[in-house]
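Per my numbering: the sequence shown ends with 398, consecutive numbering throughout. Where a beta carbon is used, it is the ideal one built from N, C-alpha and C, also for glycine. Just so it is clear, the structure is predicted and the values come from calculations on it, not from any experiment. See below for the structure under consideration.
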Amino acid sequence: MLAILKLGGSILSNKKIPFSVNWDNLERIGLEVREALNYYREKGEKLKLIIIHGGGSFGHPIAKKYLKEDKFLNMEKGFWEIQRAMRRFHNIILDTLHSYDLPVVSIQPSSFSFFEHGKLMFPTRTIEEFLKRDFIPVVHGDIVLNLDGNYKILSGDHILPYLAKELKADINLHASNVDGVLDSEGKVIEVINKNNIDKILSSLRDAEGIDVTGGMYLKVMETFNLKVRAIIFNGNKRGNIYKALIGEKVGTLIDPQ
């Protein structure tokens, strides 16, 4: 069983406070992941896991400093500053997860991935080899080269559907700070499929804020376009990470088939 869990930066930090960490959530997530691994072990099964995390209050404020009219400027300094902020956040997350006896290992996208002609190039061999050895690869959102010119933010919301498709993951999870994808009345949409995707994407585009990576719109669009079955749910709620990892119903199901 292969699961990919994306932890939104909004549940790991307070985006309104630069360089903040939501320690309660981070500690709880470590515990719930540990419990999920034990659940499968007790059933005589093995859960292979990849964790992806967003930039939260570390990556986003720095990226915004250098992003002007959809282009990154002064990146001789900015590239390193974004890398440094993300590495700082990444190390905090790794250290905490490791304290729960989780065999996590760091994957830094800016050192090997890039965009070309609008397409993400993200070799997966190293991740696959770590999974074979029972590690938990932890990947973070990052700044990467755009070979067509300039630079591009590689969001965790790009990475999840890409890896899900490449590695044929069984469970794909977006842990966000809301109960799922919400309709105009604030109610959770149970399923997003070919019958309602256009209407939902239109409403999400209108609602987007200042998140430099595209927020909920990018989550839904990338997942649907790559024909990946995934769940968007509230990672702030105690027990939801565990429930989602063991296959219990939470949040909104994206079902492109």
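May I ask which residues mark the beginning and end of the alpha helix (DSSP H) holding K206? G197 to Y207
From F253 to G185, what distance separates their C-alpha atoms? 36 Å
Looking only at C-alpha atoms, which of K187, G297 and E389 sits nearest to G200? G297
Grouping DSSP H, G and I as helix and E and B as strand, with all else coil, what is A371? strand
May I ask you to verify whether the segment 215-225 touches the segment 167-177, counting CB pairs closer than 8 Å and requiring at least 3? no
Would you decide whether N336 is buried or exposed? Buried here means 16 or more other CB atoms lie within 10 Å of its CB. exposed
Helix, strand or coil: how does DSSP classify S317 here? Strand at S317.
State the start and end residues of the unbroken beta strand (DSSP E) segment that holds K260. K260 to M262
Taking I330 and V319 to be in contact with their CB atoms under 8 Å, please state how far apart those CB atoms are, rounded to whole angstroms. That pair is no contact at about 11 Å.
Residues bridged to I387 [DSSP beta-bridge criterion]: According to DSSP, which records beta bridges pairwise, I387 is partnered with nothing at all.
Tell me which residues share the same chain as G150 and place their Cβ nearer than 6 Å to its Cβ, disregarding the 5 neighbours each side in the sequence. Cβ neighbours of G150 beyond the five flanking positions: G195, G196 and G197.
With A226 as the anchor, note down where its alpha helix (DSSP H) starts and where it stops. M216 to H239
Quick one, which of I233, M142, P278 and P202 has its alpha-carbon nearest K156's? P202
Who pairs with Y292 in a beta bridge, going by DSSP? Answer by DSSP bridge pairing, in chain order: L286.
Tell me the DSSP secondary structure of I351 in three-state form. Note that I351 has pLDDT 38, beneath the 50 cutoff, so the model's placement of it is unreliable and no number is given.
Exposed or buried, P264, counting other C-beta atoms within 10 Å across all chains shown (16 or more means buried)? exposed
Whole angstroms is fine: what's the gap from I351's alpha carbon to R379's? Here the model assigns I351 a pLDDT of 38, short of 50, so the residue's position is not dependable, and the following value carries that caveat. Their Cα atoms are separated by approximately 28 Å.
Would DSSP call S247 helix, strand or coil? strand
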